[in-house]
Amino acid sequence: MTLKIALSFALAIFALAARAEKIALINGTLINPGTSQIVQNATIVILRDGRIVIGGAKIAAAGDTKTVSMLKDAHVIDCKGKFILPGYIDTHIHFFQSGDLFTRPDVVDLNSVRPYKDEVAWIKSHLDDTFTRYLRSGITAVVDVGGPFWNFEVRRTANTDVQLTISGLAQGSVVTAKAPRVAVAGPLISSVSRPQLDLGDPPIVKIDTPERAREFVRKLAAQNPDLVKIWYIVDKDHPVDSFRPIVRATSEESHAHKIRVAVHATELETARAAVEEGADILVHSVIDKPVDDAFVKLLKNRHIILCPTLVVFERYGRTFSHELNLTPEEKAWGNPEVIASLDVTKIPQNKLPDRIKNALAKPDEALDRIKKTYDVALPNLKTLEDAGVTIAAGTDAGNIGTIHGPALFREFQLMKEAGLTPMQILQCATANAAKLFGGETGAHIGKIENGYLADLVILKSNPLDDIAHASDIDTVIKNGVVYPANSILH
Ligand SMILES: [Zn+2]
Numbered sequence: 001m002t003l004k005i006a007l008s009f010a011l012a013i014f015a016l017a018a019r020a021e022k023i024a025l026i027n028g029t030l031i032n033p034g035t036s037q038i039v040q041n042a043t044i045v046i047l048r049d050g051r052i053v054i055g056g057a058k059i060a061a062a063g064d065t066k067t068v069s070m071l072k073d074a075h076v077i078d079c080k081g082k083f084i085l086p087g088y089i090d091t092h093i094h095f096f097q098s099g100d101l102f103t104r105p106d107v108v109d110l111n112s113v114r115p116y117k118d119e120v121a122w123i124k125s126h127l128d129d130t131f132t133r134y135l136r137s138g139i140t141a142v143v144d145v146g147g148p149f150w151n152f153e154v155r156r157t158a159n160t161d162v163q164l165t166i167s168g169l170a171q172g173s174v175v176t177a178k179a180p181r182v183a184v185a186g187p188l189i190s191s192v193s194r195p196q197l198d199l200g201d202p203p204i205v206k207i208d209t210p211e212r213a214r215e216f217v218r219k220l221a222a223q224n225p226d227l228v229k230i231w232y233i234v235d236k237d238h239p240v241d242s243f244r245p246i247v248r249a250t251s252e253e254s255h256a257h258k259i260r261v262a263v264h265a266t267e268l269e270t271a272r273a274a275v276e277e278g279a280d281i282l283v284h285s286v287i288d289k290p291v292d293d294a295f296v297k298l299l300k301n302r303h304i305i306l307c308p309t310l311v312v313f314e315r316y317g318r319t320f321s322h323e324l325n326l327t328p329e330e331k332a333w334g335n336p337e338v339i340a341s342l343d344v345t346k347i348p349q350n351k352l353p354d355r356i357k358n359a360l361a362k363p364d365e366a367l368d369r370i371k372k373t374y375d376v377a378l379p380n381l382k383t384l385e386d387a388g389v390t391i392a393a394g395t396d397a398g399n400i401g402t403i404h405g406p407a408l409f410r411e412f413q414l415m416k417e418a419g420l421t422p423m424q425i426l427q428c429a430t431a432n433a434a435k436l437f438g439g440e441t442g443a444h445i446g447k448i449e450n451g452y453l454a455d456l457v458i459l460k461s462n463p464l465d466d467i468a469h470a471s472d473i474d475t476v477i478k479n480g481v482v483y484p485a486n487s488i489l490h
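Residue numbers (this note's numbering): 1 to 490.
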């Protein structure tokens with residue numbers, strides 16, 4: 001992404017950014033899920049001081065009416081009857097994947113229909129579009145849990161505040177990209193290779209020895225990643241124990257550079273091994289068997305954050321069997337080209353990979369496998385939540401059928417099915433997710449409090465009555481810039 005594109009974002013929203021020095025939200029109901037705090041008739045004042053270049057707009061005051069003097073000279077937005085929350089955070093996405101049918105040739109090779117290099121070119125040229133679909137969904141921060149080295153450029157583009165000094169515009173005005181805040185991991189350190197994804201800057205790198213793991217972490221550390229990600233894939237040729245030394249070496253070297261380690265581990269024994277060898281974050285649910293007491297205790301003692309990514313477990317199978325259950329939010333706010341591609345019946349029969357052919361022939365088997373996964377994953381989530389393990393909401397968006405942006409609302413539905421309350425779900429998507437985001441930014445998002453960054457979502461109905469209202473979005477505020485929800489995708 002070039003500076004030119006970053007500037008075009010900036011110019012597109014400049015008028016809004018420059019409208020007022022100060023914004024005051026009054027009369028709304030403030031909900032801080034991290035502390036279960038609810039404030040009726042709240043006043044929230046957002047400062048937009050041009051001197052703040054990195055930190056951006058701060059919430060200067062939140063609470064009841066003590067801040068009346070703060071309202072002077074402010075651009076006042078009446079939020080009567082509305083509900084104000086911290087912006088949502090999706091802690092598991094991949095910008096190198098579009099969510100369309102061609103985005104994982106290692107899973108279903110459709111190069112004969114659409115070459116993978118064309119797919120990647122499309123993804124790179126549509127990053128601005130992807131960013132706006134997150135904002136439309138009220139998502140003001142995302143964690144990209146692994147991709148090629150160009151991920152670091154995506155982070156730079158999304159997070160760079162542009163200081164405009166162009167003639168006609170106020171000198172030194174600070175404008176932010178029309179994008180969520182982005183934290184990233186670089187390429188995944190993997191137990192298996194995926195040559196189909198390698199176009200010269202592979203997202204997945206097979207590492208065979210502890211020495212190579214340390215060397216690769218040092219290469220990553222030079223890019224200042226927010227996380228190092230391990231892809232701990234286990235099968236009969238890759239048993240759990242054979243990869244343990246690499247997980248340990250990766251963790252030790254990452255921790256020496258003060259970088260946290262996130263691990264993909266979907267079986268109970270793999271996840272246990274990952275944590276024992278130094279993982280800080282588990283990026284999926286355990287889906288093969290119920291978690292046991294020792295595992296729960298291990299996660300609690302080590303302060304592990306777990307991101308369940310429930311939605312992704314249904315979307316490959318449902319896409320391939322032509323049983324896709326996209327929500328109204330996904331249909332409305334997902335990229336239409338991505339969604340159109342997911343109709344597998346449009347692919348010529350002679351070009352269909354066996355995996356899709358088989359799923360189309362026996363859709364009931366695909367749905368049954370998904371049900372079996374949820375029969376384990378949902379109770380596991382409830383067990384971990386009840387035990388007080390920190391759960392961060394995330395979708396794995398970008399994988400086939402998991403739509404960048406609105407997939408988070410399907411994740412909320414599944415968290416509800418697991419038995420979480422609306423407040424718990426919202427806590428997972430705000431305060432807990434901010435912990436996974438990490439760093440200085442992570443310490444200043446996910447709550448509406450003095451000194452925090454002004455990333456907010458304003459809802460038209462109460463999400464505590466029904467989590468489905470979480471998508472009833474009126475306005476999104478990112479870094480103090482106000483976006484009426486209906487204007488974001490236009
Ligand atoms: Zn992932």
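All residues carry an ideal CB built from backbone N, CA and C; glycine is no exception.
Fair warning: this is a prediction, and the values are worked out from it, not measured in the lab.
Residues bridged to residue i (per DSSP)
i       : result
Val-76  : Ala-24
Gln-223 : In the DSSP output, where bridge partners are listed per residue, Gln-223 has none listed.
Pro-202 : None; Pro-202 has no bridge partner.
Asn-527 : Since the first residue shown for the chain is 1 and the last is 490, residue 527 is missing from the structure and cannot be characterised.
Ser-190 : Lys-206 and Trp-231
Asp-161 : Thr-176
Ala-431 : Bridge partners of Ala-431: none, in fact.
Tyr-483 : Val-476
Top-ranked residue by Cα proximity to residue i, from the options
i       : options                               : result
His-404 : His-94, Ile-467 and Trp-122           : His-94
Ser-137 : Gly-186, Thr-421, Leu-227 and Phe-412 : Phe-412
Thr-91  : His-490, Gln-427, Ile-477 and Val-476 : Gln-427
Ile-44  : Asn-432, His-257, Gly-480 and Val-338 : Gly-480
Asn-452 : Leu-367, Glu-119 and Ala-434          : According to the sequence as given, residue 452 is Tyr; it is not Asn. Comparing Cα-Cα distances from Tyr-452 to each of Leu-367, Glu-119 and Ala-434, the minimum goes to Ala-434.
Arg-355 : Lys-72, Ser-341 and Val-107           : Val-107
Ala-393 : Ile-287, Val-482, Ile-347 and Leu-282 : Leu-282
Leu-414 : Gly-200, Lys-460 and Ala-468          : Ala-468
Gly-401 : Phe-216, Ile-31, Leu-326 and Glu-211  : Leu-326
Val-182 : Pro-484, Lys-478, Asn-486 and Ile-488 : Lys-478
Glu-440 : Ala-262, His-264 and Asn-159          : Asn-159
Lys-346 : Val-76, Val-113 and Ala-42            : Val-113
Pro-328 : Ser-471, Ala-262 and Pro-239          : Ser-471
Val-338 : Pro-86, Gln-97 and Gly-87             : Gln-97
Arg-410 : Glu-330, Ile-488, Gln-196 and Ile-445 : Glu-330
Arg-155 : Pro-202, Gln-223, Lys-416 and Ala-332 : Gln-223
Ile-31  : Val-76, Ala-271 and Tyr-88            : Tyr-88
Lys-289 : Met-423, Glu-153, Asn-380 and Asp-237 : Asn-380
Ala-485 : Gly-446, Ala-271, Pro-245 and Leu-135 : Leu-135
Ser-191 : Gly-200, Val-184 and Ala-265          : Ala-265
Endpoints, beta strand (DSSP E) assigned at residue i
i       : result
Leu-352 : Counting along the chain, Leu-352 falls outside any beta strand (DSSP E), and DSSP gives it neither H nor E.
Asp-90  : 88-93
Val-142 : 139-144
Arg-260 : 260-264
Pro-474 : What sits at residue 474 in the sequence shown is Asp, not Pro. From DSSP, the beta strand (DSSP E) with Asp-474 extends over 473-478.
Ile-123 : Ile-123 -> not in any beta strand (DSSP E); alpha helix (DSSP H) instead, spanning 116-125.
Ile-458 : 456-459
Ala-183 : 181-184
Beta-carbon proximity check, residue i vs residue j, cutoff 8 angstroms
i       : j       : result
Ile-448 : Ile-84  : yes
Val-228 : Ile-259 : yes
Thr-309 : Asp-375 : no
Thr-430 : Gly-81  : no
Glu-385 : Leu-352 : no
Asp-280 : Ala-294 : no
Thr-157 : Ile-488 : no
Asn-335 : Asp-129 : yes
Tyr-232 : Phe-243 : yes
Pro-180 : Ile-139 : yes
Ile-46  : Ala-377 : no
Boundaries (first-last residue) of the alpha helix (DSSP H) holding residue i
i       : result
Arg-272 : 268-276
Pro-336 : 336-341
Leu-374 : It is worth fixing the name first, because residue 374 is Tyr in this sequence and not Leu. Counting along the chain, the alpha helix (DSSP H) containing Tyr-374 begins and ends at 363-387.
Pro-245 : 240-256
Arg-318 : 312-320
Val-296 : 293-301
Ala-468 : Here Ala-468 belongs to no alpha helix (DSSP H), and DSSP marks it neither H nor E.
Ala-407 : 407-417
Ala-332 : 328-333
Gly-442 : 439-442
Min CB distance residue i to chain D below 8 angstroms
i       : result
Asp-293 : The structure shown contains no chain D; it holds only a single protein chain.
Next on the checklist: Tell me whether the stretch 359-372 and the stretch 318-327 touch, counting them as touching only if at least three CB pairs, one residue from each stretch, are closer than 8 angstroms.
Outcome noted: With a cut-off of 8 angstroms, the stretch 318-327 and the stretch 359-372 count as touching, because enough Cβ pairs lie within range.
Checklist entry - Is the stretch 360-380 in contact with the stretch 319-336, if contact means three or more CB pairs nearer than 8 angstroms? => result Enough Cβ pairs lie closer than 8 angstroms, so yes.
Checklist entry - Taking three-plus beta-carbon pairs below 8 angstroms as touching, is the stretch 336-356 in contact with the stretch 247-264? => result No: the two stretches stay apart, fewer than three of their Cβ pairs being nearer than 8 angstroms.
Next on the checklist: I want to know whether the stretch 223-241 touches the stretch 140-150 - three or more CB-CB distances under 8 angstroms.
Outcome noted: These segments touch.
Item to check | Cβ pair count under 8 angstroms reaching 3, the stretch 22-33 against the stretch 70-77 | outcome: The stretch 22-33 vs the stretch 70-77: in contact.
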